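Residue numbers for the sequence shown follow full-length UniProt numbering, beginning at 1 and rising by one. Backbone N, C-alpha and C define an ideal beta-carbon position, used for all residues, glycine too. All values reported here derive from a predicted model rather than from experimental measurement. Step one of this worksheet: look at the structure below.
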Amino acid sequence: MDKLIGNIIKEASVYYRGVLAGTLTKLDTGFSFQYDSRYLISGTPIAFCYPLQKEPFLNAQLPAFFDNLVSEGWMRKLQSITQKIDENDRFGLLIKNGRDLVGAVTVLPYQK
């Protein structure tokens, strides 16, 4: 992985159709998504907004693509209460509930 700007706070492994695609990282300066070097060889983009590239995608906040995978309304409130995660910690909720998302993307706690 290329050198990121900022200190790592938390990381998540991002899978596309069951294959490790990359790492989503929460930094003290924002967020980064970077494709795994092995995935770049023969993978397909996880989304139109994330074309295959070696360089990390940097964002000041949780990128919209990932933010839109987080539950809303009563489901987010229920997840927050039962899992003891702040309702505004969208990255934490995404990691905890990322195994059961709509579509081909899965987000799990970071695994080397």
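*Considering Q79, what are the terminal residues of the beta strand (DSSP E) in which it resides?*
Within the sequence shown, the letter at position 79 stands for residue 79. Note, Q79: premise wrong, no beta strand (DSSP E); alpha helix (DSSP H) at G73 to Q83.
*Looking only at its own chain, which residues have a Cβ that is under 8 Å from the Cβ of D2, when we skip the five neighbours before and after it?*
On the sequence shown, position 2 is the one that residue 2 refers to. For D2, the predicted model reports a pLDDT of 48, less than 50, meaning its position is unreliable; a value from the coordinates is still stated below. Excluding positions up to five away in sequence, the list reads Q34, K54, E55 and P56.
*asked:* Buried or exposed, going by whether 16 or more other CB atoms sit within 10 Å of the CB of I41?
replied: Taking the sequence shown and counting its residues from 1, one reaches residue 41 at position 41. When all chains shown are included, I41 counts as exposed.
*Complete runs of the beta strand (DSSP E) confined to the UniProt domain "HipA N-terminal subdomain 1" (13-107) [at least 3 residues]*: Scanning the UniProt domain "HipA N-terminal subdomain 1" (13-107) from its first residue to its last, the whole beta strand (DSSP E) runs of 3-plus residues come out as 19-27, 30-35 and 57-59.
*With DSSP collapsed to three states, give me the class of I8.*
Position 8 of the sequence shown, counted from the start, is the residue given in the question as residue 8. Residue state for I8 is assigned as strand, using DSSP reduced to three classes.
*Pairwise C-alpha distance: I95 and S38*: Residue mapping note: residue 38 aligns to position 38 of the sequence shown, counting from 1. Residue mapping note: residue 95 aligns to position 95 of the sequence shown, counting from 1. The sequence as given places Arg at residue 38; Ser does not occur at that position. Approximately 22 Å, taken between the alpha carbons.
*Quick one: residues in its chain with C-beta nearer than 6 Å to the C-beta of P109, no 5 flanking neighbours on either side, listed in chain order?*
Counting from one through the sequence shown, the residue named residue 109 turns up at place 109. The beta carbon of P109 is closer than 6 Å to those of I95 in its chain, skipping five residues each way along the sequence.
*Thinking L93 and Q79 are a contact (beta carbons under 8 Å), I'd like their distance in whole angstroms, please.*
Mapped onto the sequence shown, residue 93 falls at position 93. Mapped onto the sequence shown, residue 79 falls at position 79. Between L93 and Q79 a beta carbon distance of about 6 Å is seen, short of the 8 Å cut, so the two are scored as contacting.
*How should G73 be labelled, buried or exposed, when 16 other C-beta atoms within 10 angstroms of its C-beta is the threshold for buried?*
Counting from one through the sequence shown, the residue named residue 73 turns up at place 73. For G73, the number of other beta carbons within 10 angstroms of its own is below 16, and it is reported as exposed.
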